[in-house]
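Residues 9 to 146 (our numbering) are what the sequence shown spells out, left to right. Quick reminder that beta carbons are idealized off the backbone N, C-alpha and C, glycines included.
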Amino acid sequence: MKIEARIFEAIAVFFLVMGVIYTVSTHFYYTGIEWAGAMCLYFSAALSILAGSYFRFVARRVEIRPEDYEEAEIEDGAGELGFFSPHSWWPIMVAIGASLFAIGFATGNFWFAIGAAVMILASASGLVMEYYVGPEKH
């Protein structure tokens, strides 16, 4: 996980530097700062820092993986990788809710966006609780 943390932290630094360069260049070469592009770069840096911080946080709590060990062999990565749901429809429902929320928010239909947010929360709850209720209950 340390490698992933470093990658996202490097991406964050890149976006931050590019954001500063973009802000300064649009301020001096155009009529003013072009805020849409500048904010996209700064928010991209913030999201990269968020992901990098998460990976750094998780890396402290899990045992070392073969990817993090420089002298690892191929067979060190053999074995079970985890549980992946083979037939879940909940991620698709979360994605539909997110796209409906974006459409409602972008067009100013805030009641529609609130309904889509409720759909996101309900489908995320279904995704989390999928194997605790119903026929798949373990």
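Counting along the chain, A86 sits inside no alpha helix (DSSP H), nor does DSSP assign it H or E at all. In the three-state scheme derived from DSSP, where H, G and I count as helix and E and B as strand, Y140 is classed as coil. In the three-state reduction of the DSSP assignment, Y38 falls in the coil class, being assigned neither a helical nor a strand state. Where I57 is concerned, the enclosing alpha helix (DSSP H) starts and stops at 43-67. Rounded to whole angstroms, the gap between the alpha carbons of W97 and A124 is 17 Å.
When rounded, the separation of the alpha-carbon atoms in S93 and S133 is 15 Å. Here DSSP, grouped into helix, strand and coil, assigns M101 to helix. Contact between the segment 50-58 and the segment 14-31 is present, with at least three C-beta pairs closer than 8 Å.
With 16 or more other Cβ atoms from the protein chains shown falling within 10 Å of its own Cβ, L49 counts as buried.
Leaving aside the five residues that flank F120 on each side, the residues in its chain whose CB is nearer than 6 Å to its CB run, in chain order, G112.
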